[in-house]
Structures are given as C-alpha cells and as structure tokens.
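Asker: Taking our numbering, the leading residue of the sequence shown gets 1192, the next gets one more, and so forth.
Glycine residues also receive a C-beta, built at the ideal position from the N, C-alpha and C atoms.
No experiment lies behind these values; they were computed from the predicted model shown.
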Amino acid sequence: MIIAVDGSAASGKGTLAKRLARHFDLAHLDTGGLYRALALHLMRSGITAETAEEHSAAAQIAALDLELINSPAIRDDSVAGMASVIAAMPAVRAGFLVLQRDFASHPPTGHGAVLDGRDIGSVVLPDAPVKFFVDADIEVRAERRTNELQAAGQSVMFRDVLADMQARDARDRGRSIAPLRAVEDAKLIDTSSLDADQVFASALAHIDAAGT
Ligand code: DC
C-alpha cells in the first residue's frame, strides 16, 4: 500500500502520516525533513537564503547525511524558512525526487510506504492509490506551532510565528515548480476543529470506503 499525504505547515499531516504508517505497518518518509536537512547542511556551511545557489545546493544532496532528518535542529523555524527557499529550486527538487520515489518503490521496512509533504500526490507519486490533503486555518496552525515551540523551550510570539507561516505558505503555494495544491483524487481533511484522533478516524474511514 502506498499513501500520499500532502498539506500545509502545521496542518497535522505529519502526525496523520505517522499514525497511518504504524497502523498499516508501512515505512514513513517525512519529505519536508529532506528539504530541512539540506537547509541545515547549507546553513552550517554559512550559506543563507540570500546566497543559496540552485546548482551548488542540489550538488550537496549526494553527500547529505540523511540522519539529519532525525535531528531536532532541523525543526527550528529558521531552518524551515531556508527549506522553503531551496524547495523552490528545480534542481533541488529533481535531486530529491529520485530519492523519494526510490523510498516508495523499495520501502526499507513494512508492507509499503507513507510519504508526507507538499507534492507527493501531484508530482512524486501521482499514481498513489490513497491520497490525502490536510489543511487548517492559518491562525489555528500558527497557534499550534507557537505552542509546540514554547513547549520545546523557545520564546516565540504568536504574531511572529503567524508572519513566518504566511510567508512560507505564500512561497509553498506560489512557486512555479510543484506548488502545494490539492489534487482532484485527494481526500481533503480540514483539521481546524479536529484533534489527531478525529483526523486519523476520518482518514481510516476514507481508506475503508475506498476499499484499498
Ligand atoms: O513539511 P515541512 O514544514 O517540514 O516542510 C519544510 C519545507 O519544505 C516547506 O516549506 C516546503 C518544503 N517541502 C516541499 O517543498 N516539498 C515537500 N514534498 C516537502 C516539503
């Protein structure tokens, strides 16, 4: 079974993807983690969003330590901002495309794979039999993100998180290559007033109804 989960930042797509993976014994790839890992790698070399250059950024993918995906450092909002900048570079996306498709066709564990990101259903795995598009009001997402960061000990303010998220949304939705969008065959889940259990139940009901 292959499941594509796309959605906006802090929409709950990652939580849903992890739960689906556990439930169906599927391998899980957080593809945002790939862009974040490359962003952190570049930042550690002194490269900024202003100085990042498409082809040299893409060339770093081959040498990228994929263990960085598990590093808490990639969760920082500065890394997220840089990730959304390099994610708009076609050569970077092309480099990660191969890796993502390879993960889906040869999942390291389990009986298939769940990939979550922005363009899984539209570009990476357009033939995935199950697709979700997860979204929520931006104020709700910014509030969730503020709470998460504060719980992790960072002193952030809601209005700054909201402004960052608006800028990131605009970049993710407005870029010319693989913009964030819901494909026709994706099941839309608006998580604005749902908790994680309700989102999971809605996704399972969709999978059951589709008979996949
Ligand atoms: O899901 P996330 O917040 O970890 O993603 C970080 C950034 O990576 C996000 O701003 C957009 C980009 N991204 C992307 O362009 N395509 C994906 N499949 C996943 C993430």
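For Val1321, report the span of its beta strand (DSSP E) as first-last.
Answerer: As a first step, residue 1321 must be located in the sequence shown, where it is residue number 130. Taken as a continuous stretch (DSSP letters only), the beta strand (DSSP E) holding Val1321 covers Val1321 to Asp1326.
Asker: Which residue wins for smallest C-alpha separation from Ala1218, given the options Gly1308, Thr1206, Phe1294 and Leu1207?
Answerer: In the sequence shown, counting from the first residue as 1, residue 1218 sits at position 27. Minimum Cα distance to Ala1218 is reached at Phe1294.
Asker: With a CB to CB cut of under 7 Å and the five nearest residues on each side skipped, what residues in its chain are close to Glu1334?
Answerer: Taking the first residue of the sequence shown as position 1, residue 1334 is located at position 143. Phe1349.
Asker: Could you tell me how far apart the beta carbons of His1232 and Leu1259 are, in whole angstroms, since I believe they sit closer than 8 Å?
Answerer: For the purposes of this step, residue 1232 is taken as the residue at position 41 of the sequence shown. For the purposes of this step, residue 1259 is taken as the residue at position 68 of the sequence shown. The Cβ separation is near 7 Å, so the contact holds.
Asker: Quick check: what's the CA-CA separation for Gln1345 versus Ala1254?
Answerer: As a first step, residue 1345 is located in the sequence shown; it is residue number 154 there, counting from the start. As a first step, residue 1254 is located in the sequence shown; it is residue number 63 there, counting from the start. Near 31 Å, if we compare the C-alpha coordinates of Ala1254 and Gln1345.
Asker: Among residues of its own chain, excluding the 5 on either side of Glu1245, which ones have a beta-carbon nearer than 6 Å to its beta-carbon?
Answerer: Position 54 of the sequence shown, counted from the first residue, corresponds to residue 1245. The answer, listed in chain order, is Met1280 and Ala1282.
Asker: Give every residue of the same chain whose Cβ lies closer than 8 Å to the Cβ of Leu1207, excluding the five residues on either side of it in the sequence, and list them in chain order.
Answerer: Indexing the sequence shown from 1 puts residue 1207 at position 16. Result list for Leu1207: Val1196, Asp1307, Phe1323, Val1325, Ile1380, Ala1387, Val1390, Phe1391 and Ala1394, in chain order.
Asker: What are the start and end residues of the alpha helix (DSSP H) that includes Ala1250?
Answerer: By 1-based counting over the sequence shown, the position of residue 1250 is 59. Ala1250 -> alpha helix (DSSP H) spans Glu1245 to Ala1250.
Asker: Under three-state DSSP, which class holds Ile1368?
Answerer: Against the sequence shown, residue 1368 aligns to sequence position 177. Coil, per DSSP.
Asker: Which residues does DSSP list as the beta-bridge partners of Asp1197?
Answerer: What you label residue 1197 is simply residue 6 of the sequence shown in a count that begins at 1. Gly1308 and Phe1324.
Asker: Count the C-beta pairs between the region 1266–1274 and the region 1298–1307 that are closer than 8 Å, then say yes if the count reaches three, no if not.
Answerer: no
Asker: Would you tell me roughly how many angstroms separate the C-alpha atoms of Gly1198 and Gly1402, rounded to the nearest one?
Answerer: Within the sequence shown, numbered from 1, the residue matching residue 1198 stands at position 7. Within the sequence shown, numbered from 1, the residue matching residue 1402 stands at position 211. If you take the alpha carbons of Gly1198 and Gly1402, they lie about 23 Å apart.
Asker: Take the Cβ of Ala1264 as the centre, count every other Cβ of all protein chains shown within 10 Å, and call the residue buried at 16 or more, exposed below.
Answerer: Taking the sequence shown and counting its residues from 1, the one referred to as residue 1264 is at position 73. The residue in question, Ala1264, is exposed, as its Cβ has fewer than 16 Cβ neighbours within 10 Å.
Asker: Cβ-heavy atom distance between Thr1222 and the ligand FMN below 7 Å?
Answerer: As far as ligands go, the structure on display features the ligand DC and does not contain the ligand FMN.
Asker: Report the residue ranges of all beta strand (DSSP E) runs contained in full by the region 1204–1275; include only those spanning at least 3 residues, in chain order.
Answerer: 1218–1221
Asker: Ordered along the chain, which non-local residues of its own chain (more than five positions away) have a Cβ less than 6 Å from that of Val1305?
Answerer: Here the question's residue 1305 lines up with position 114 in the sequence shown. For Val1305, where only same-chain residues beyond five positions count, the Cβ hits under 6 Å are Ile1194, Ala1208, Leu1211, Ala1212, Leu1217 and His1219.
Asker: Verify whether the separation of the beta carbon atoms of Arg1284 and Ala1369 is less than 8 Å.
Answerer: Working through the sequence shown from its first residue, we reach residue 1284 at position 93. Working through the sequence shown from its first residue, we reach residue 1369 at position 178. Cβ distance < 8 Å, so Arg1284 and Ala1369 count as in contact.
Asker: Measuring CB to CB, does Gly1286 end up less than 8 Å from Ala1249?
Answerer: Residue mapping note: residue 1286 aligns to position 95 of the sequence shown, counting from 1. Residue mapping note: residue 1249 aligns to position 58 of the sequence shown, counting from 1. A contact, by the Cβ cut-off of 8 Å.
Asker: Closer than 7 Å to a non-hydrogen atom of the ligand DC - does that hold for the CB of Gly1312?
Answerer: Here residue 1312 refers to the residue found at position 121 of the sequence shown. For the ligand DC, not one heavy atom lies less than 7 Å from the Cβ of Gly1312.
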